[in-house]
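Here's the structure, in structure tokens; my notes come after.
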Amino acid sequence: MSATVSSTEKRIVSSCLLSPTAYNIPLFVRFAEGLNIPKMYNLLTRYVEQFDLFRTTYQIQSEIYKRTGDEAPTIEVRTFGQLDKERLISEQLITVRDRALVRILICRVLDEPADYLFINAHHVLLDGFSMNLFLQELTEAYLSGEAAESQLHPPVLEVDGPDSQQPASPISFGSYAPFKSRLLARQCNEVHYLNDRFTLDPGYVRRHSDFAVALTAFSLSLASLLHSGTVYLAYPYLGRDPRNYRALGNFVQLIPFAVQLEEELETATDQLIAGIQARIFSGFAGRDHYGELIRTEPMSSMNIFRDIIFDYKSGSLIAKKLNEAHGIELEEAAGYQDEKYGLHFSVYKTGEDWEISVISSEYGLEDLQTLQSLFRSNLRSLYANAGGGLRVGDLVSLASREDEPCGAEDSLQAQGGEIYSKIAEIVSALLGETDVQADVSFFDLGMDSLLLVKLKKRIREAFNINLKISDFFNFHTAGMLAGKIKDHLKEAN
Numbered sequence: 001m002s003a004t005v006s007s008t009e010k011r012i013v014s015s016c017l018l019s020p021t022a023y024n025i026p027l028f029v030r031f032a033e034g035l036n037i038p039k040m041y042n043l044l045t046r047y048v049e050q051f052d053l054f055r056t057t058y059q060i061q062s063e064i065y066k067r068t069g070d071e072a073p074t075i076e077v078r079t080f081g082q083l084d085k086e087r088l089i090s091e092q093l094i095t096v097r098d099r100a101l102v103r104i105l106i107c108r109v110l111d112e113p114a115d116y117l118f119i120n121a122h123h124v125l126l127d128g129f130s131m132n133l134f135l136q137e138l139t140e141a142y143l144s145g146e147a148a149e150s151q152l153h154p155p156v157l158e159v160d161g162p163d164s165q166q167p168a169s170p171i172s173f174g175s176y177a178p179f180k181s182r183l184l185a186r187q188c189n190e191v192h193y194l195n196d197r198f199t200l201d202p203g204y205v206r207r208h209s210d211f212a213v214a215l216t217a218f219s220l221s222l223a224s225l226l227h228s229g230t231v232y233l234a235y236p237y238l239g240r241d242p243r244n245y246r247a248l249g250n251f252v253q254l255i256p257f258a259v260q261l262e263e264e265l266e267t268a269t270d271q272l273i274a275g276i277q278a279r280i281f282s283g284f285a286g287r288d289h290y291g292e293l294i295r296t297e298p299m300s301s302m303n304i305f306r307d308i309i310f311d312y313k314s315g316s317l318i319a320k321k322l323n324e325a326h327g328i329e330l331e332e333a334a335g336y337q338d339e340k341y342g343l344h345f346s347v348y349k350t351g352e353d354w355e356i357s358v359i360s361s362e363y364g365l366e367d368l369q370t371l372q373s374l375f376r377s378n379l380r381s382l383y384a385n386a387g388g389g390l391r392v393g394d395l396v397s398l399a400s401r402e403d404e405p406c407g408a409e410d411s412l413q414a415q416g417g418e419i420y421s422k423i424a425e426i427v428s429a430l431l432g433e434t435d436v437q438a439d440v441s442f443f444d445l446g447m448d449s450l451l452l453v454k455l456k457k458r459i460r461e462a463f464n465i466n467l468k469i470s471d472f473f474n475f476h477t478a479g480m481l482a483g484k485i486k487d488h489l490k491e492a493n
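Note that the working numbering has the sequence shown beginning at 1, numbered continuously upward.
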């Protein structure tokens with residue numbers, strides 16, 4: 001049975017063509033008292049047979065098609081002497097072309113009293129909140145021993161209404177080029193995974209939402225690291241349509257965000273946080289922010305959805321302790337390496353405990369450690385501001401306007417010669433364009449994910465270098481890419 005493919009699904013599927021094992025959600029649920037395996041097996045079987053979502057697959061041809069099959073995913077039962085979680089994850093990674101987009105293993109572990117339930121689902125099917133809802137209900141049903149009717153349901157199709165017709169939030173991309181140039185200046189060919197934990201004073205007075213304070217702290221930290229008067233990033237929308245609150249599906253919406261700080265240095269931080277909080281609330285409209293921006297901004301601005309992602313997660317929304325009395329706890333798979341963003345800065349808050357996870361495929365270790373330290377310091381300062389006298393300028397120092405670098409497009413224009421000519425020839429053949437100008441984005445010419453994979457391959461064949469997919473987003477014109485390749489060849493020699 002075929003079904004409509006949403007714009008969110010199309011974007012995720014397209015991204016997966018560039019990074020096949022991105023967008024997995026591998027999770028372990030630890031049962032401290034061990035598992036009644038037949039009971040859990042029967043419960044899982046009931047769910048995967050009941051919900052079409054678990055039997056959904058995608059076919060990628062010239063178009064993307066969604067199919068719901070009759071065959072439910074296999075539920076494996078395996079016994080381990082010792083559970084090697086990283087190895088298990090690597091064996092169970094999913095690509096969007098697979099016949100099953102959900103993997104379920106019941107793990108009996110001999111060398112410890114606990115057993116584990118391992119589930120890996122593709123993000124095109126489920127978001128983290130849906131996965132948590134499913135695991136909470138599964139846990140309750142397992143402990144109660146009753147085959148109660150599920151309170152979960154398939155997504156309610158959204159109908160275009162007044163909210164969906166709202167114009168995009170007024171984000172100015174006038175300073176995006178110098179900001180992007182500062183990002184490019186920091187980039188290096190390194191992959192890093194960092195984690196940090198700390199606790200805040202429980203006596204701090206709360207005047208704003210924790211999310212607004214955390215987003216403000218991160219924005220100020222990023223501005224300080226880059227000495228940039230403007231910061232651009234995106235964050236996942238925390239909520240969902242009330243009709244779909246208990247629905248299983250993927251409702252993730254990346255919200256574009258920008259803050260200009262040059263004129264705010266004398267502003268009270270409380271005032272800045274209040275303004276950011278108001279903007280967060282204004283984004284709660286169930287809109288397609290990507291679609292709105294793509295109709296009004298050049299394709300190069302769409303990098304805001306992959307450069308820097310600030311991902312705030314609250315224990316009140318996504319519970320890790322599924323049942324404390326019986327020691328049933330959710331464990332995220334720390335061994336899974338998903339580098340689909342340039343910088344993925346995740347914050348998980350439970351009570352006064354904060355856990356920071358950083359995944360970066362484009363920045364150096366020293367910069368990332370500095371960013372973590374700045375965030376922790378700024379977060380404490382914002383919460384400790386009981387008197388309300390703290391100014392933005394007390395936490396961030398910016399470069400003067402004269403020090404601002406020229407835009408990425410200006411600083412990386414065509415460098416002429418055979419490299420540019422060869423790139424233009426390759427792109428022209430792929431897109432059917434007779435004239436590929438040095439400063440026109442490949443994406444504005446019609447480059448899509450399928451063609452981008454071909455472009456990467458032909459660049460490798462032509463210049464004997466293996467660029468990352470992210471390089472084609474960062475250096476998205478023939479002129480910029482020529483400069484990148486020229487620098488790469490110099491380093492190789």
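Quick reminder that beta carbons are idealized off the backbone N, C-alpha and C, glycines included. Predicted, not measured: the structure shown is a model, and the values here were computed from it.
Exercise. Within 10 angstroms of its Cβ, does R295 collect 16 or more other Cβ (buried), or is it exposed?
Worked result: Exposed: under 16 other Cβ atoms inside 10 Å.
Problem set entry | Delimiting residues of the alpha helix (DSSP H) encompassing T296 | Per DSSP, T296 belongs to the alpha helix (DSSP H) from H289 to T296.
For this session: Select from K457, A274, A384 and I308 the residue whose C-alpha is nearest the C-alpha of L184.
Result: I308
Problem set entry | Local conformation of D210 per DSSP, three classes | Secondary structure of D210 (DSSP, three-state): helix.
Exercise. Relative to the alpha-carbon of L194, which residue among K66, T370, R30 and S144 has its alpha-carbon at the smallest distance?
Worked result: T370
Problem set entry | Cβ pair D27, E355 closer than 9 Å | A small correction: the amino acid at residue 27 is Leu; Asp does not occupy that position in the sequence shown. Their beta carbons are not under 9 Å apart, which means L27 does not touch E355 by this criterion.
For this session: Consult DSSP for F134 and reduce its assignment to one of helix, strand or coil.
Result: Here F134 sits in helix by DSSP.
Exercise. When you compare each of G249, M40 and D448 to I25 by their alpha carbons, which one comes out closest?
Worked result: G249
Problem set entry | contact_flag[the region 444-454, the region 7-21] where n(CB pairs < 8 Å) is 3 or more | yes
For this session: Kindly list the residues whose CB is nearer than 6 Å to the CB of F375, restricted to its own chain and excluding five residues on each side of it in sequence; keep chain order.
Result: A217, F218 and S221
For this session: Report the option in V427, D353 and N464 whose CA atom is closest to the CA atom of T499.
Result: As shown, the chain starts at 1 and ends at 493. That puts residue 499 outside it, with no answer to give.
Exercise. Looking at C-beta atoms only, is the number of pairs between the region 357-367 and the region 336-347 that lie closer than 8 Å three or more?
Worked result: yes
Exercise. Can T267 and L395 be called in contact, C-beta distance under 9 Å?
Worked result: no
Exercise. Relative to the C-alpha of E71, which residue among G34, V124, N464 and V48 is closest?
Worked result: V48
Problem set entry | Top-ranked residue by Cα proximity to N42, from M302, A319 and V77 | V77
For this session: Within the same chain, show all residues whose beta-carbon is closer than 8 Å to that of A114, passing over the 5 residues directly before and after it, in chain order.
Result: R30, F31, A32, E33, G34 and G327
Problem set entry | G407 (DSSP reduced to helix, strand or coil) | Per-residue confidence for G407 stands at a pLDDT of 45, beneath the threshold of 50, marking its modelled position as unreliable; the derived number appears in the next sentence. Three-state DSSP puts G407 in coil, outside helix and strand.
Exercise. Mind pulling the alpha helix (DSSP H) runs of 4 or more residues that sit fully within the region 421-461?
Worked result: The qualifying runs do not exist here; there are none.
For this session: State the Cα-Cα distance for the pair E425 and L467, rounded to the nearest angstrom.
Result: 18 Å
Problem set entry | Where P73 sits in the DSSP three-state scheme | coil
Exercise. Where DSSP assigns a beta bridge to Y116, which residues make up the other side?
Worked result: R30 and C107
Exercise. Where do the ends of the alpha helix (DSSP H) carrying I89 lie?
Worked result: K85 to E91
Exercise. Which of helix, strand or coil does DSSP assign to Q165?
Worked result: Note that Q165 scores 46 on pLDDT, short of 50, meaning its location in the model is unreliable; the coordinates nonetheless yield the value given after this. Correct three-state label for Q165: helix.
For this session: Return the CA-CA distance between T230 and L272, expressed in angstroms with no decimal places.
Result: 14 Å
Exercise. Using the rule of at least 16 other Cβ atoms within 10 Å of the residue's Cβ for burial, across every protein chain shown, is A214 buried or exposed?
Worked result: buried
Exercise. Taking the alpha-carbon positions, what's the I465 to K340 distance?
Worked result: 21 Å
Problem set entry | Neighbourhood of R401 by C-beta distance below 7 Å, restricted to the same chain and skipping five residues each side | Because the pLDDT of R401 is 46, which lies under 50, any placement of that residue in the model is unreliable, and the number read from its coordinates should be weighed accordingly. Around R401: no qualifying Cβ.
Exercise. Apart from the five residues on each side of it in sequence, which residues of its chain come closer than 8 Å, Cβ to Cβ, to V124?
Worked result: E9, I12, V13, C16, Y23, Y58, V96, L101 and N250
Exercise. Which two residues bound the contiguous beta strand (DSSP E) that contains L322?
Worked result: K321 to N323
Exercise. DSSP three-state call for T195: helix, strand or coil?
Worked result: According to the sequence as given, residue 195 is Asn; it is not Thr. Note: N195 maps to strand in three-state DSSP.
Problem set entry | Unbroken beta strand (DSSP E) run spanning E355, endpoints | D353 to S360
Exercise. Who are the Cβ neighbours of V453 in its own chain at under 7 Å, not counting the five residues just before and after it?
Worked result: L17 and L18
For this session: If I'm right that D111 touches G81 with Cβ under 8 Å, what's the distance once you round it to whole angstroms?
Result: 6 Å
Exercise. Going by the CB atoms, is the gap between L135 and L152 shorter than 9 Å?
Worked result: no
Problem set entry | Contacting residues, own chain, Cβ-Cβ under 7 Å from F473 (five flanking each side not counted) | By the criterion of a C-beta distance shorter than 7 Å, F473 is surrounded in its chain by N303 and R306, once the five residues flanking it on both sides are discounted.
For this session: For L374, name the three-state secondary structure that DSSP assigns.
Result: Helix.
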